[in-house]
Amino acid sequence: MRLLLATLSLHAAWAGVIVEEYKIMGEARLRPRETVVLQIRAYGRVEQEGKDTRNGRVEAGNWNLRTLEENGGWFSKRFRFQGSDNETILKEEKTGWAAILGQAAGQFVNKDSVLYTAPATPGTYTVEVSSTEAGRIVSGQIKLEVSTEAPSRWKAPLNTFTAEPDADPYRKIAERYAPYIAQETWFDPRADYLHRFDYDGDWDGDNNWDNLEKGSPQGFVYYAAMETKTHWFLHYNFFHPRDYSDNCIVGTCHENDNEGVIVTVRKDGTEFGRLEIMETLAHNNVYTYTNRRELRAKLHNVDGPLEVVDETHPVVFLEAGGHGALGGGDRKSFFDAKRLVWKQNTGITYKFKANAETPSGGVDKEIGYELLPIYEHWWKKHQQGPAWKAKTFADFFEYRPFGNRPRPENPQISSAFLGAKHSSNKARPFWGWFDTKGRAKKVLAPGQWALDPAYSVFQSLTFPKNEVWSMDYTFNPYLGFQ
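Sequential numbering from 27 applies to the sequence shown in the numbering used here.
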C-alpha cells in the first residue's frame, strides 16, 4: 500500500498548541467512483507557562478540505480515524474537571478524517486543506490520481436477486407513494446502502454485520398497507445490515437497523386518494410532516412541510451510520428537498423503479429500488413461531395497546431482529417500534405506533372538529383484519 504524504509548512496557533506542519495521509491512487480515507495529521509544539516546550504530534484543530478542480470529488462528514494510528498526540496539560472534560472531548470530538469519493472521470485532482489560525489563513495541497488502472477496492457480491412476483392488492398504491430517499453516506458507505434482510442469502440476523461485503448491495424497501373507511396507511421500512459509528461505545452500534415512515393518504373518491401526512421514526422518536396548515400539535409537533417529488413521492432523509429517518425538508436534513441536491456531506438518492439497482459508490443519484411486502417477507415467517428455524426474530413480548384497541390473534410478538455484534437485538421490525413520548405519556404502547396507525396518527395531531376519521380497519392483517 503506497501512502501519499503531503507536508504543509504552517506556523499557526490554536489554543496552547502551535501547528507547524500538516501531513495528509491516504492512498495515492484510486479508481473512478471509489473511495479513500484522508487523515489530517498535525505536528508542532505545545507551549504552556511554567512548563518546557513539547514537540511532536498535536491535534489538528479546525480545517477544511476542497478540490480545486470542478467536479473533483466529494468529502464525507468527518470521523475519527479507524485505522492503525499509534502516534502520541500532545495536548495541553490540565487538571481537575478541565482534564476530565478535555479527555472526553478528545475521545468524541477529535475527528481527523474524511472519506473522499473520486469522480467518474480519470485524472489528477488537487485536494486543498486550509484553516484560519490566529487570524491568518494557512493552506496546502495534495494530488490524488484517479485511474482505471488503479486496484479496485470493490468486493463483488456472492449473490444477486432477480425480480419476484408480488400479488399484494395494495402494491399499486404503495408504488404511487413510494418515497424518494436521500441516504447520507459516511466512512462505511456500503453499510449505508439500502438492503433486504436476506441480502446475504439467509434469514439469520446474527451474521448480517460480518457478511456486509459478501451479500448483495441491491436497493430494496419493505412496505405494508392498512386501510380504514377514510384512509390508507402505508409503511415503508429501510433496512441496513449495520448501525455504525466512529466511536462504538455501548449501545451506539449494533447489528441490523430498521427505521421507517408511515404515510397517511385520505380517500377522496379518486383511485389513489390524497397524500396528507408523513410520520418518520428516528431512534425511537416520531417526527411529523404535513402541508395541511390547519393541523396542530397534539402528542407530536408538526416538524415541517411534506416535501414531494413528482407530486406523490415524499422525500425522506436517512442519516448515515444510525439511519434515523426525517422529512427531506427537516432542518436537521443535509439534503435540499426542493433542488434535490446535498447541502453538505455525501450521499445517495434512491427512487422507486421496480428494479433493485446497486450504487456505484458513496455518491450516486436516483438509484432504483424495488418494493418488498412485509407481510410475505417478515410477518408470515414471524407468525410461524418455533416452526421458523432461522435465527431472525428475538425478544418476544405481549402487545398491550392503549385505548382499548384491537390486538393480534396471538399477542406474543417479537420486539427485535436477532443481532449479536456490538449490542444485542437493537433493530426492530415495525411491530416492535415504539415512540418514546407516546410510551412515556401512556398514549402509545410499544408496537402501537405502527401496528395501529389509524389510532396513533389521530393521537399525534389535532384535526378539525368536523373532520371524518375512521379508526375501524377494513384491512390490517397484523391485527386480524383481512
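Note that beta-carbon positions come from the ideal geometry of N, C-alpha and C, so glycine has one too.
The structure displayed is predicted, hence computed values, not measured ones.
Residue i - partner residues in DSSP beta bridges
i           : result
residue 91  : 155
residue 286 : 263
residue 442 : 420
residue 169 : 152
residue 271 : In DSSP, residue 271 forms no bridge with anything.
residue 64  : 140
residue 340 : 334
residue 362 : 367
residue 502 : 507
residue 497 : Bridge partners of residue 497: none, in fact.
residue 209 : 344, 374
residue 311 : 308
residue 186 : BP columns for residue 186 are empty, so no partner.
residue 390 : 374
residue 570 : Summary: the structure shown does not reach residue 570, with the chain confined to residues 27 through 508, and so no result is reported for it.
residue 412 : None; residue 412 has no bridge partner.
residue 278 : Answer is none; residue 278 lacks a bridge partner.
residue 257 : 292
residue 484 : Beta-bridge pairing links residue 484 to no other residue.
residue 436 : According to DSSP, which records beta bridges pairwise, residue 436 is partnered with nothing at all.
residue 399 : 249
Cβ pair residue i, residue j closer than 8 Å
i           : j           : result
residue 443 : residue 419 : yes
residue 499 : residue 429 : no
residue 71  : residue 80  : yes
residue 60  : residue 229 : no
residue 340 : residue 289 : yes
residue 324 : residue 462 : no
residue 152 : residue 93  : yes
residue 408 : residue 440 : yes
residue 479 : residue 252 : yes
residue 245 : residue 395 : yes
residue 435 : residue 346 : no
residue 328 : residue 475 : no
residue 156 : residue 163 : yes
residue 316 : residue 287 : no
residue 193 : residue 397 : no
residue 46  : residue 69  : yes
residue 385 : residue 219 : yes
residue 44  : residue 75  : no
Same chain only: Cβ atoms within 6 Å of residue i, ignoring 5 sequence neighbours per side
i           : result
residue 184 : 240
residue 255 : 496
residue 57  : 176, 178
residue 455 : 404
residue 369 : 360, 362
residue 206 : 335, 339, 341, 377
residue 282 : 231, 234, 443, 445, 453
residue 131 : Interpretation of residue 131 is limited by its pLDDT of 48, a score under 50 that renders its predicted location unreliable; the figure taken from the coordinates is listed afterwards. Closer than 6 Å at the Cβ level, and outside the excluded window around residue 131, lies no residue.
residue 116 : 72, 80, 82, 84
Residues near residue i in its chain [Cβ-Cβ closer than 7 Å; skip 5 each side]
i           : result
residue 299 : 258, 291, 292, 293
residue 358 : 352
residue 363 : 333, 341, 354, 355
residue 99  : 93, 142, 143, 144, 145, 151
residue 510 : Residue 510 lies beyond the residue range present for the chain, which begins at 27 and ends at 508; the question has no answer from this structure.
residue 492 : none
residue 438 : 422, 424
residue 406 : none
Anticipated Cβ contact below 8 Å, residue i with residue j, distance rounded
i           : j           : result
residue 564 : residue 376 : Given a span of 27 to 508 for the chain in the structure shown, any question on residue 564 remains unanswerable.
residue 237 : residue 265 : Rounded, the Cβ-Cβ distance is 14 Å, inconsistent with contact.
residue 511 : residue 101 : Nothing about residue 511 can be reported from this structure: the residues present for the chain run from 27 to 508 only.
residue 270 : residue 217 : 5 Å
residue 326 : residue 486 : 4 Å
residue 471 : residue 427 : 5 Å
residue 344 : residue 208 : 7 Å
residue 191 : residue 221 : Not a contact, Cβ separation roughly 21 Å.
residue 387 : residue 148 : Not a contact, Cβ separation roughly 15 Å.
Same chain only: Cβ atoms within 8 Å of residue i, ignoring 5 sequence neighbours per side
i           : result
residue 134 : Summary for residue 134: the model assigns pLDDT 47, below 50, so the residue's position carries little reliability; its value from the coordinates is reported in the next sentence. Cβ within range, chain order: 273.
residue 27  : Its pLDDT being 39, under 50, residue 27 is placed unreliably in this model, and the value from its coordinates should be taken loosely. 53.
residue 107 : 63, 65, 138, 139
residue 417 : 229, 230, 231, 232, 444
residue 501 : 196, 251, 252, 253, 507, 508
residue 114 : 82, 83
residue 201 : 378, 380, 397
residue 383 : 244, 245, 393, 394, 395
Cutoff 8 Å: residue i Cβ touching any chain D Cβ
i           : result
residue 137 : Absence of chain D from the displayed structure is noted, only one protein chain being present.
Mind listing, in chain order, the continuous alpha helix (DSSP H) runs of no fewer than 4 residues lying wholly within the segment 209-250? 215-218
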